[in-house]
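Chemist:
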Amino acid sequence: MKKRVFISALVASLFVIFAACKDKSCSFEDMEYDAATKQCECIHAPNLTPPKLLTNGYNTCSDIIDFFYGEVKDNKEYPYFSHEGDTLMVCGWLCNYESDIDTVNILMKIQDKPYYGGAITENNTLNIHVEKNQLDSIENGQYHVRGVLTFTPLDIGYSVASPYPYSSTACYAPYFAIKALDIHR
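For the sequence shown, numbering that gives the first Met the number 0 begins at 0 and goes up steadily by one.
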């Protein structure tokens, strides 16, 4: 009898141990299980030690994206909203733009390398908000932009997944762009 009780207790203990060691999985591919917090966390969380940005020269698009990009589940986790209105300067290649004929604003995409056929060729493209009166004509090419950081998307006919304030069970990257004060070739 003692032997049966001991074996039953041993088998039950093994089930408990194996259940506790079970690999935790998360519902979304951009998340991984953190054993310390016992929660699914975003894989591409904001960089808490971002690279330094130039304050008296032009940054690359990649440097600005590396500084401000980060995926969160709640906007409270995003540490860079306090930078809204900061002056930034970037030099890059204009690769396309979207606008609504009835609006005064244009959403431009800028990247570090020349474009090919007007198409975006890099994952690291930065959004630039430009007023139509800031440009004589819109031409693809290299531009120097001085502007201010904004977290408010332009309303050009499509929705953005991360309005402020926002909370979700999935990871998302808060929208950011540079609102151009000065743009020239």
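Ideal Cβ positions, reconstructed from N, Cα and C, are used throughout, including at glycine. In this text, all values refer to a predicted model and were calculated from it rather than measured experimentally.
(1) Does the beta-carbon distance from H128 to L93 come in below 7 Å?
(2) Pick helix, strand or coil for H143, following the three-state DSSP scheme.
(3) Going by C-alpha to C-alpha distance, which of T54, N55, M30 and A35 sits closest to G69?
(4) Figure out for me which residue from S24, C41, L52 and Y32 has the closest Cα to the Cα of C90.
(5) Suppose the cutoff is 7 Å on Cβ atoms and the five residues either side in sequence are ignored; what does the same chain contact list for T168 look like?
(6) Rounding to the nearest angstrom, what Cα-Cα distance links K80 and T124 in this structure?
(7) For V28, which of helix, strand or coil comes out of DSSP?
(8) When the distance is taken between beta carbons, is I177 closer than 7 Å to G146?
(9) According to DSSP, simplified to helix, strand and coil, what is K75?
Modeler: Let's see:
(1) Not closer than 7 Å, so no.
(2) Reduced to three states, the DSSP call for H143 is strand.
(3) The residue with the shortest Cα to Cα distance from G69 is M30.
(4) If you compare the alpha carbons of S24, C41, L52 and Y32 with that of C90, the shortest gap goes to L52.
(5) Here the set comprises K72.
(6) For the record, residue 80 in the displayed sequence is Phe; it is not Lys. Straight across, the Cα-Cα distance linking F80 with T124 is about 20 Å.
(7) Strictly speaking, residue 28 in this sequence is Glu, with Val absent from that position. In the structure shown, E28 sits in coil (DSSP, three-state: anything other than H, G, I, E or B).
(8) Closer than 7 Å, so yes.
(9) The answer is helix: DSSP assigns K75 an H, G or I state.
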